[in-house]
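For reference, the structure is listed below as structure tokens.
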Amino acid sequence: MRSLLMTFISLTSIVCSASGLAVAENETFTGAATRPSTNQRSPPDVTSKTLVIDNRGYTVYESTDPDSKTFCVVIPVGLNTVRGLFVNSNFHAGDSRGDWTFCHYYREFMHLHDFALVAANGTCPHTSALKGFHKALRAIGAESKHPELLNAPYVAVGFSAGGGFASTLMTYDNPLTITAPGPCGPGTPPVAPGSDVTITVDTGRFRDWKKLVFYDGAKSVGVVTKAPAQFTTTRLASGYHVFSVLGTDADGSVRTSSPVMVVVRAASATLATRQQAR
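The letter at position 177 of the sequence shown is residue 191 when you use our numbering, and the numbering goes up by one with no holes.
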């Protein structure tokens, strides 16, 4: 069983070396990048192309926000549900969109955890980049038929200003806080299979919320539209459960929570079998 660790990482440097890797490219573009009028911003257009690297296919979606950056999302061909995002933040005046083509360990991370990769080109204040990040995920999620992109947890890396954006994701991108269940660490005992777990959310930094959607991984498990800001998941199966919350306010602004993991131990029948075998 794959276990998925959701952490936020801000690195001061990432060292990659190009190895002359051959890339086969088959491009199919949809849409066109246009700059909306300054009076009214339309949703960003999305282009797409297919790349084949080391006999693996990837669909690369790109979206430009005139107020921030150009963002691209790389999704392995055949991935039905994106479980998380590997955010490779670009440095000042830099372009991280091609790093994944020669950093083979980026690709291996995507395949190991069923992640997509997000990269960018452009320079702007981190707060503007954060808004563009959300716009791009929403637009690319619709175009790629992967709406879960908007609520997917992520790992963020970056050099220099890229590390600053990774820090911005940690600091500003999670106004919703899950207060229960608590953090899961090495000493946290697993819960019994079939248990019910109540997810409680602190909405103090997002007071005008109108809807909270609760997720177990990428699967929606419940919705609340009024206080209290909590939801109970029932009869949890054995394994790892990573809970997160997606909140929406009256203006349509969407905010996320940081994830919280709950481990459900193996079924008692399995434990009894193991004890008998001793």
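We put the beta carbon where it would ideally sit given N, CA and C, even for glycine. Fair warning: this is a prediction, and the values are worked out from it, not measured in the lab.
Does the region 69-89 come within contact of the region 147-159, defined as at least 3 CB pairs closer than 8 angstroms?
Here the region 69-89 makes contact with the region 147-159; the two share three or more CB pairs at distances below 8 angstroms.
Here's the rule I'm using: 16 or more other beta-carbon atoms within 10 Å means buried, otherwise exposed. How should Leu-126 be labelled?
If you number the sequence shown from 1, residue 126 lands on position 112. By the neighbour-count rule (16 or more Cβ atoms within 10 Å), Leu-126 is not buried but exposed.
Would you mind reading off the limits of the alpha helix (DSSP H) that contains Ser-158?
By 1-based counting over the sequence shown, the position of residue 158 is 144. Counting along the chain, the alpha helix (DSSP H) containing Ser-158 begins and ends at 140-158.
By the three-class DSSP mapping on this structure, what secondary structure does Gly-172 have?
Counting from 1 along the sequence shown, the entry for residue 172 is found at position 158. Looking at Gly-172 - three-state DSSP - the assignment turns out to be strand.
Cβ pair Phe-105, Ser-209 closer than 8 angstroms:
Taking the first residue of the sequence shown as position 1, residue 105 is located at position 91. Taking the first residue of the sequence shown as position 1, residue 209 is located at position 195. Against a cut-off of 8 angstroms, the Cβ pair of Ser-209 and Phe-105 comes out as no contact.
Nearest neighbour of Asp-109, chosen from Cys-138, Leu-93 and Val-238 [CA to CA]:
The residue labelled residue 109 in the question sits at position 95 within the sequence shown. When each option's Cα is compared against that of Asp-109, the closest is Cys-138.
Using a 10 Å radius around the Cβ and a threshold of 16 neighbouring Cβ atoms, would you call Pro-273 buried or exposed?
In the sequence shown, counting from the first residue as 1, residue 273 sits at position 259. Around the beta carbon of Pro-273, 16 or more other beta carbons sit within 10 angstroms, so the residue counts as buried.
Just how far apart, CA to CA, sit Met-15 and Gly-253?
Position 1 of the sequence shown holds residue 15. Position 239 of the sequence shown holds residue 253. Note that Met-15 has pLDDT 32, beneath the 50 cutoff, so the model's placement of it is unreliable and no number is given.
What does DSSP give as the partner residue(s) for Asp-222 in the beta ladder?
Position 208 of the sequence shown, counted from the start, is the residue given in the question as residue 222. Bridge partners of Asp-222: none, in fact.
Span separating the alpha-carbon of Met-275 from that of Asp-222:
Taking the sequence shown and counting its residues from 1, one reaches residue 275 at position 261. Taking the sequence shown and counting its residues from 1, one reaches residue 222 at position 208. The straight-line gap from Cα to Cα measures roughly 27 angstroms.
Distance, Thr-212 Cα to Arg-97 Cα
As a first step, residue 97 is located in the sequence shown; it is residue number 83 there, counting from the start. As a first step, residue 212 is located in the sequence shown; it is residue number 198 there, counting from the start. Each residue's alpha carbon lies about 22 angstroms from the other.
At a cut of 8 angstroms, does the region 69-84 reach the region 127-135 through at least three beta carbon pairs?
Under the three-pair Cβ rule at 8 angstroms, the region 69-84 counts as touching the region 127-135.
Can you list, in chain order, the residues of its chain with a C-beta nearer than 6 angstroms to that of Val-259? Leave out the 5 residues immediately preceding and following it.
On the sequence shown, position 245 is the one that residue 259 refers to. If we look at Val-259 and ignore the five residues flanking it on each side, its Cβ neighbours are Leu-190, Val-215, Leu-226, Phe-228 and Ser-271.
Using only CA atoms, which one of Val-256, Pro-200, Ile-192 and Phe-123 lies nearest to Val-171?
Your numbering for residue 171 matches position 157 in the sequence shown. Cα-wise, what sits closest to Val-171 is Phe-123.
Quick check on this structure: which residue in Asp-113, His-118 and Lys-159 has the alpha carbon closest to the alpha carbon of Thr-95?
In the sequence shown, the residue the question calls residue 95 occupies position 81. Among Asp-113, His-118 and Lys-159, the Cα nearest to that of Thr-95 is on Lys-159.
Would you kindly report the start and end of the unbroken beta strand (DSSP E) that includes Leu-260?
In the sequence shown, counting from the first residue as 1, residue 260 sits at position 246. 253-263 is the span of the beta strand (DSSP E), which, as asked, contains Leu-260.
Is Ser-181 helix, strand or coil by DSSP?
For the purposes of this step, residue 181 is taken as the residue at position 167 of the sequence shown. In the structure shown, Ser-181 sits in a helix (DSSP, three-state: H, G or I).
How many angstroms separate the CA atom of Leu-93 from the CA atom of Gly-231?
Start at 1 with the first residue of the sequence shown, and residue 93 comes out as number 79. Start at 1 with the first residue of the sequence shown, and residue 231 comes out as number 217. Distance between the alpha carbons of Leu-93 and Gly-231: 15 angstroms.
What are the boundary residues of the beta strand (DSSP E) that includes Asp-70?
As a working note, residue 70 is residue 56 in the sequence shown. Asp is not the amino acid found at residue 70; the sequence shown has Arg there. Residues 70-78.
Cα-Cα separation, Leu-250 to Gly-218
As a position in the sequence shown, residue 250 is number 236, starting the count at 1. As a position in the sequence shown, residue 218 is number 204, starting the count at 1. CA-to-CA, the gap between Leu-250 and Gly-218 works out to about 28 angstroms.
How long is the line joining the alpha carbons of His-140 and Gly-178, rounded to whole angstroms?
One-based indexing of the sequence shown puts residue 140 at position 126. One-based indexing of the sequence shown puts residue 178 at position 164. Each residue's Cα considered, the two are about 7 angstroms apart.
Look at the Cβ atom of Gly-146, then the Cβ atom of Asp-81, and state whether they are nearer than 8 angstroms.
The residue labelled residue 146 in the question sits at position 132 within the sequence shown. The residue labelled residue 81 in the question sits at position 67 within the sequence shown. The criterion of a C-beta distance shorter than 8 angstroms is satisfied by Gly-146 and Asp-81.
Taking Cβ to Cβ, would you say Glu-76 is nearer than 8 angstroms to Val-60?
To locate residue 76, count along the sequence shown from 1; it is residue 62. To locate residue 60, count along the sequence shown from 1; it is residue 46. Yes. Within cutoff.
Do you know whose CA, among Ala-264, Cys-198 and Thr-115, lies nearest Val-277's CA?
Stepping through the sequence shown from its first residue, residue 277 is reached at position 263. For Val-277, the closest C-alpha among the options Ala-264, Cys-198 and Thr-115 is that of Cys-198.
Would you say the beta carbon of Lys-149 comes nearer than 7 angstroms to a heavy atom of the ligand ZN?
Ligands displayed in this structure: none; no statement on the ligand ZN is therefore possible.
Could you check how far apart the C-beta atoms of Tyr-186 and Leu-144 are, in whole angstroms? I think they sit under 8 angstroms.
Residue mapping note: residue 186 aligns to position 172 of the sequence shown, counting from 1. Residue mapping note: residue 144 aligns to position 130 of the sequence shown, counting from 1. Contact annotation, Tyr-186 with Leu-144: C-beta distance approximately 6 angstroms; criterion of less than 8 angstroms satisfied.
Cβ-based neighbour list, Thr-194, same chain, cut-off 6 angstroms, excluding 5 preceding and 5 following
On the sequence shown, residue 194 is found 180 positions in, with the first residue counted as 1. The question names Thr, yet the displayed sequence has Ala at residue 194. Sequence-distant partners of Ala-194 (beyond 5 residues in either direction) whose C-beta falls short of 6 angstroms from its own C-beta, in its chain, are Thr-214.
Would you decide whether Pro-242 is buried or exposed? Buried here means 16 or more other CB atoms lie within 10 Å of its CB.
For the purposes of this step, residue 242 is identified with residue 228 of the sequence shown, where counting begins at 1. It is exposed - the Cβ of Pro-242 has fewer than 16 other Cβ atoms within 10 Å.
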